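In UniProt numbering, the protein residues as written are 1 to 374.
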């Protein structure tokens, strides 16, 4: 029934000091708690801003990488196109070289033939000497021209092949750079996903702190309002409550459904810790004060529903939970047997119940050991 983590602050506050009035102690401790929460919230806010800046920076880097990669890929396509064109030109040049070599071979063969028979023909036919000399000179000229063309074609081919090698190297370099950029982009994308997850976590934490701050400030407002009223004595009874142990009556009668202490319930024997007792009751039954004291809390509080806390002095406090109507206010002095509320089912999962706790110096006590035996 009792949520130790949620209610720890109230217990700490209530037992904070015997020199201060409980409400003043509560205000002081709540302010300190609010200050701590605000510091944590501001720290989270700064972390969220840093993460948000990182997300923006990483996103920009990824976009720059995308642009650079796109440009390099376009350049790679142009390089490959140029390589293809050069290879086509080289192929054509090689074809021209083969054709030139073919013609050159024919002419050289003709020159050899003419060289072997020119003198003999000139002797046998002196009138044809000029004609044969002309043919010989022409073949020699064409042969030299073919040789020069062949050298030129080979030079062009070598130059283009060299350029192809350079372009192939450039293409390989572009591929490696593109691959490196791709790896960097993957790493940045992974970091970006992690930063976005972290940002969501920080956002959820900030939201929880906002809720906590609202709750604490609401409670602080109630306490500040109570301090504006005339304070009453902290210990209305000069006799400590423990002097009447075993002689007191429960605030309301009902069927006991949950005992004090740790026990197991259900099919899976789940362990439950109860810092008080719970009674099954009818709606609207009168709830009476356990012992003389001062009301230090009278409002709704989470799993307790409508709750009243009474300070009995000497470090003793009683808790009355799941109430319907509350008839007392903070700082109000009450006496044993006074009607302070009616039973209800606020924040209850078991219908109409009444939960009762006794605390002494931050430790829960078994209420059944304080009441008269029937």
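Note that beta-carbon positions come from the ideal geometry of N, C-alpha and C, so glycine has one too.
Keep in mind the model is a prediction, meaning the values are calculated, not measured.
- Counted as a single uninterrupted DSSP element, the stretch harbouring residue 247 is not any beta strand (DSSP E), since DSSP gives it neither H nor E.
- Residue 76 has its alpha-carbon roughly 6 Å from the corresponding atom of residue 171.
- Straight-line measurement puts the Cα of residue 372 at about 22 Å from the Cα of residue 282.
- Non-local C-beta neighbours of residue 58 in its own chain, meaning closer than 8 Å and more than five positions away in sequence, comprise 188, 191, 192, 195, ordered along the chain.
- In the three-state reduction of the DSSP assignment, residue 197 falls in the helix class, which pools H, G and I.
- If you check the CB distance, residue 298 and residue 326 come in under 7 Å.
- Three or more Cβ pairs closer than 8 Å define a contact, and the segment 284–299 meets that threshold against the segment 327–334.
- Here the C-alpha atom of residue 246 lies approximately 27 Å from the C-alpha atom of residue 284.
- Residue 89 and residue 60 have their C-alpha atoms spaced approximately 44 Å apart.
- For residue 30 and residue 216, the gap between their C-alpha atoms comes out near 7 Å.
- Between residue 241 and residue 301, the C-beta spacing is not below 7 Å.
- According to the DSSP assignment, residue 307 belongs to the beta strand (DSSP E) that extends over 306–313.
- Residue environment analysis places residue 356 among the buried positions, since at least 16 neighbouring C-beta atoms fall within 10 angstroms of its C-beta.
- Note on residue 275: 16 or more other CB atoms within 10 angstroms of its CB, so buried under the neighbour-count rule.
- Assigned with DSSP and collapsed to three states, residue 301 falls in coil, not helix or strand.
- Going by C-alpha positions, residue 287 is about 45 Å away from residue 43.
- By a beta-carbon distance limit of 8 Å, residue 324 contacts residue 344. Their separation comes to about 3 Å.
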